[in-house]
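Have a look at the structure below before the remarks.
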Amino acid sequence: MRLLWTICVLAHAVSALPQSPTATAASALPTIKLPYGTWRATSYNATTQVYVFKNIRFAAPPVGSLRFAKPAPPANNKTLQTGEYGPACPQVLPAGLLSGSVPGGALPPGIDPAQLVSGAKTFGEDCLFLDVYVPKKALDPYQWNGLPIVMWIYGGAYNFGSKEGGYDATPLIKMSGGNFIYVAGNYRLNAFGFLAGSTMEKEATPNAGLWDQYAVLEWIQSYGELFGGDTDDVSLWGESAGSGSIMHQLTAFGGKEKPLFHRALMQSSAFDMQIDRKGLLETQFQDVATRAGCGSNSTDVIACLRSVDWTVLQNATTGYVAALPGNKPGLGPAADGNFVRQHPALEIAAGKTIEGVETIINSHVINEPQIFLPANSTEDTFQAVVNLYWGTSQKAKAAIEAQYSLSKYGGDQAARIRALYQFSVFTCNSRFISAGFKTYNLQYARGTGLHGSDVSADFWDPNSPTAFLSLLSDPTFGSFATSFQSYLVSHALTGDPNEKRDNGTIQWPLVKYGPIFTPVLNASDTGFALISDQENKAVDCDFWKDLAAGMTDDLGECSLLMTTIL
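Residue numbers (UniProt numbering): 1 to 566.
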C-alpha cells in the first residue's frame, strides 16, 4: 500500500492537470518531475481518459564505453521533455523478412520490414526509453490509494521488436475502469543485448537486454508512485521472447535479489538452450566480432566492438544470424554465471526463484513451432541444429538423437524437427514455470493458433483503424477478444483472472501439476472450455530439464539438479 506522504509528493510532482477530460492542448497536459528531468504527457485520450507519457529516458545512452555494459543512470536534463525523441533499438530480422517475404505472401512494395515488425519509425543505439499510460484519476492524489502497475516486455526472438509494436494498452485500461497504469520499455536486442561467452564475462556484461528490463522494473519501483501507481502491486506481462525474458527475471541471480514484481502473464515463453559458456557462446561472440572487423587479430576485441559504428555491429549480427541453420535466431538469454546462472528450468526446480510472486497466467498457443520450421526438413538440417546448441557435448547430442530418433516419427523428418523445436524452445517452458509457481494455465487455439496470434487478442481495440480487418475473417473475434481481455485485466487487478471476468467466460481454476496438466483453459473458435493439455506432457518435457542438468555437469559447471541422462 502506498505511504501517506506520497500524496504530498504527487501534489508537487504533477502539474497542469486538466480540469476537463476534453483538455488536450500542450499547455494543459500534466508534467512529471523526475530527479533527472521533467516530462510532459505526449497525448490525452478524452474518451478513455488516459494520458500517455512517451519516451521517458530510463538509462543513459548505451553507446561508446556503455555498449555491452549494464544500463547506467541517465544524466540530468533541465529541458522540458515532450516525448518526440525515442528510437527503437537496432534490429536484426529473420532472413525471410530480409528477402522481402513473410509467411503467406510477399511484403508490399515500399514497406520497411524493420518498421513492420517493430512498429517503430526510427532506429538507433540510443534507445533506452519507456512509455507510461496513466488514467486521469491516477494523477489526482485525492481520488485513490495507488493503482496496480502492468509492465509489458515485447517479443521478437531477442533480435527485433520495440515498445511501439502495436502494444497500446488504452483499451485494457478502459476495461479496467481506469484502474491500472501501464509501462512498456525498450531493451537492447541481438548482439547489442545478448552477446555472451567467456570474453564477454571477463570484459563486458552478457545479457545486457535482461539488465535493461531489470532497470525498467527498478525504475517503476523508484518512480511509479509519482504517476499514481502502487509499487507493491506490479504485474509483468510478456509474449514469446518477452515471456522467456520473464522466466529469466523470475530466476535472476538464483532468486537472491529483491522481488520487483508480484504477478505475471507469460505467453509462449521462448528461448533456445544456451548454456555452453566457453564453447557455443564464445564461438558466437567470435563470429560476430570477426564479421564486424574485430576478430582475433585485434588486440582488444571488446574495445574494437565498442568503437565501430552501430550499423557495422548490426550488419555483422545480421550476417551471423542469416548463416544459421533451421531459421534459428542464434542470440538470446545465455548462461553467464551471474544474472543467468543456469537454465531457468533448473533454477525453478531447485527453488531458486524470486520471492513474492503470487500467481502467474501461463500460456502457449496450439501451433507454437510452425512459423519457425525450416522450408526443407532434412537429416542435415536436424543435425545442424543439434550441433549448433549441443554439439560441444557428445553425450547431450547422443541423448537428443535417441530421444528424437527418426524411427519414432515414422521417417517423417518434418514431424521430427517440429517436435524438437516445440519442446526444446516453447511448450516445455510452461511446464517448468508451473513446477515452481501457482499458475492459471491457458492454451490459445483461436484461428490458426500460430505463435504470436494471442497478442492480437491481448491488445484488441475495436476502435483501431485496422480492427475491421480482423472482423472480416472472424466476425466474432471482437466479442471473443473482449472476454479474453477480461481475464487478463482481472488478474492484473486482483491476482485472480476470475474475480472481474466477463459474464461470457467460465471459471478458470489453478492448474494441477501432474504428468498432464489439467484443468487448462482452452481459448478457441468456440469460446472457452477446460481441457487437459497435450502440448507439454511430462514425458516430453522432463527430458529437456534433465538434459540441461546433464549438459551443465558435462561442461564442468555443477548442475543444481542431479540427473542420470548423460
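Ideal Cβ placement from N, Cα and C applies to all residues, glycine included.
Check: Boundaries of the beta strand (DSSP E) in which Ile565 is found, first to last residue; Outcome: Neither: Ile565 is in no beta strand (DSSP E) and is coded neither H nor E.
Check: Buried or exposed by the 16-neighbour rule on C-beta atoms within 10 Å, applied to Tyr142; Outcome: exposed
Check: Check whether Ala492 and Val150 have beta carbons under 7 Å apart; Outcome: yes
Check: Outcome for Tyr85 when other beta-carbon atoms lying within 10 angstroms are tallied against a minimum of 16; Outcome: exposed
Check: Exposed unless 16 or more other CB atoms sit within 10 angstroms - verdict on Val216; Outcome: buried
Check: Where Gln370 sits in the DSSP three-state scheme; Outcome: helix
Check: Thr311 classed as buried or exposed, judged by whether at least 16 other C-beta atoms fall within 10 angstroms; Outcome: exposed
Check: Counterpart residues of Ala445 in DSSP-defined beta bridges; Outcome: Ser524
Check: Helix, strand or coil at His262 [DSSP, three-state]; Outcome: coil
Check: With 16 other Cβ atoms within 10 Å as the buried cut-off, status of Gly550; Outcome: buried
Check: Enclosing beta strand (DSSP E) for Gly238 [first to last residue]; Outcome: Gly229 to Glu239
Check: Length of the line joining the Cα atoms of Ser268 and Ser27; Outcome: 43 Å
Check: Environment of Pro497 [buried if 16+ CB atoms lie within 10 Å]; Outcome: buried
Check: Ordered list of beta strand (DSSP E) runs contained in the stretch 368 to 443, each at least 3 residues; Outcome: none
Check: Backbone secondary structure at Gly504 - three-state DSSP; Outcome: coil
Check: Inter-residue CB distance, Trp460 and Gln485 (contact presumed, cutoff 8 Å); Outcome: 7 Å
Check: Length of the line joining the Cα atoms of Gly177 and Lys500; Outcome: 11 Å
Check: Residue ranges of each alpha helix (DSSP H) within the stretch 453 to 523, 4 or longer; Outcome: 455 to 458, 467 to 473 and 477 to 494
Check: Whole alpha helix (DSSP H) elements within the stretch 163 to 250, 4-residue minimum; Outcome: 170 to 175, 190 to 194, 198 to 203, 208 to 223 and 241 to 250
Check: Per DSSP, the bridge partner or partners of Ser363; Outcome: Gln267 and Leu442
Check: Where Thr47 sits in the DSSP three-state scheme; Outcome: coil
Check: Beta-carbon spacing of Ala345, Phe253 below 7 Å; Outcome: no
Check: Other residues of its chain near Leu280: CB distance less than 7 Å, five sequence neighbours each side excluded; Outcome: Gln274, Tyr389 and Thr392
Check: With 16 other Cβ atoms within 10 Å as the buried cut-off, status of Val386; Outcome: buried
Check: For Tyr320, the three-state DSSP class (helix, strand or coil); Outcome: helix
Check: Endpoints, the beta strand (DSSP E) within which Pro61 is located; Outcome: That residue, Pro61, is in no beta strand (DSSP E); it is neither H nor E in DSSP.
Check: Length of the line joining the Cα atoms of Ala204 and Val321; Outcome: 22 Å
Check: Nearest-angstrom Cα separation, counted from Pro94 out to Gly105; Outcome: Per-residue confidence for Gly105 stands at a pLDDT of 40, beneath the threshold of 50, marking its modelled position as unreliable; no derived number is given.
Check: C-beta atoms of Trp152 and Tyr167 nearer than 7 Å; Outcome: yes
Check: Neighbourhood of Gln443 by C-beta, 8 Å cutoff - its chain only, sequence neighbours within 5 removed; Outcome: Ser363, His364, Val365, Ile366, Val520, Leu521, Asn522, Ala523, Ile531, Asp533 and Glu535
Check: Among Gly556, Phe58 and Ala69, nearest to Asn77 - alpha-carbon criterion; Outcome: Phe58
Check: Proximal residues to Arg67 (C-beta, below 6 Å), its chain only, five neighbours per side dropped; Outcome: Arg306
Check: As assigned by DSSP and simplified to three states, the class of Phe123; Outcome: strand
Check: Euclidean distance between Cα positions of Ala323 and Ser490; Outcome: 44 Å
Check: The alpha helix (DSSP H) enclosing Met551, as first and last residue numbers; Outcome: Ala538 to Asp554
Check: Beta-carbon gap between Phe129 and Asn186 smaller than 7 Å; Outcome: yes
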